[in-house]
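Below you'll find the structure, written out as structure tokens, and then a few comments.
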Amino acid sequence: MSDLTQLYQEIILGHNKQPRNYGALGDPCSKADGNNPLCGDEVTVYWNILDDKITQLSFEAQGCAISRASASMMTELLKGRSLEEARSLFARIDSYLTSHAVAEMPEEFGELVALAGVRKFPSRIKCATLAWQTFLGK
Ligand code: ZN
């Protein structure tokens, strides 16, 4: 295993063990459930939006480390952004993961770069995108 791969593993396992923004929000909030039957991942995303900004974003999830880490990273990345920014960011992440036309994970993705390895395993891509699709309603 290369040093970089090992670093990425540690980032993923760290988020899996100590997920950020974990737990339901109090009422009122919006929420959505998603699941990935291929892997058995289940996620619930909770949020509040005020003046077009995502003011609160949290999740609960059961499943593999990739799905939980991705959800945790998503809540950190998207809090404070507009829905439009969130959609555009996800569109770029999705095209990175599913299209080999994009060679490098852009730096703006932050720790999500740790998930770059899943593009080699098509069955795990859904693990990495589940929370995003659940939140953004795709
Ligand atoms: Zn999974």
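The numbering used here applies: residue 207 is where the sequence shown begins, and numbers increase by one. Think of the CB as a built atom: it goes at the ideal place given N, C-alpha and C, for glycine as much as any other residue. Bear in mind that the values here come from a model prediction, so they are computed numbers and not experimental data.
Whole-angstrom distance between residue j and residue i, CA atom to CA atom
i: E282; j: R226; result: 7 Å
i: A230; j: Y252; result: 6 Å
i: S264; j: G343; result: 15 Å
i: Q268; j: V308; result: 30 Å
i: N254; j: C235; result: 5 Å
i: R274; j: N222; result: 6 Å
i: T250; j: R287; result: 20 Å
i: I272; j: E313; result: 19 Å
i: Q339; j: Q262; result: 17 Å
i: C333; j: S278; result: 13 Å
Residue i beta carbon near ligand 1 (any heavy atom closer than 8 Å)
i: D258; result: no
i: C235; result: no
i: N242; result: yes
i: R278; result: Here residue 278 turns out to be Ser, not Arg, going by the sequence shown. Every heavy atom of ligand 1 is 8 Å or more from the Cβ of S278, so no.
i: I272; result: yes
i: R325; result: no
i: D239; result: no
i: K332; result: yes
i: G232; result: no
Residues bridged to residue i [DSSP beta-bridge criterion]
i: T250; result: D239 and E266
i: L256; result: K259
i: Y228; result: F265
Helix, strand or coil at residue i [DSSP, three-state]
i: C333; result: helix
i: S402; result: An answer regarding residue 402 cannot be provided, because it is not within the stretch 207 to 344 covered by the chain.
i: P312; result: coil
i: G343; result: coil
i: L167; result: The requested residue 167 does not occur in the structure, where the chain is confined to residues 207 to 344.
i: P328; result: helix
9 Å Cβ cutoff, residue i in contact with chain D
i: F327; result: Of the chains in the structure shown, none is chain D; there is only one protein chain.
Q. Curious, which full-length alpha helix (DSSP H) runs of at least 4 residues does the region 280-307 contain?
A. 289-304
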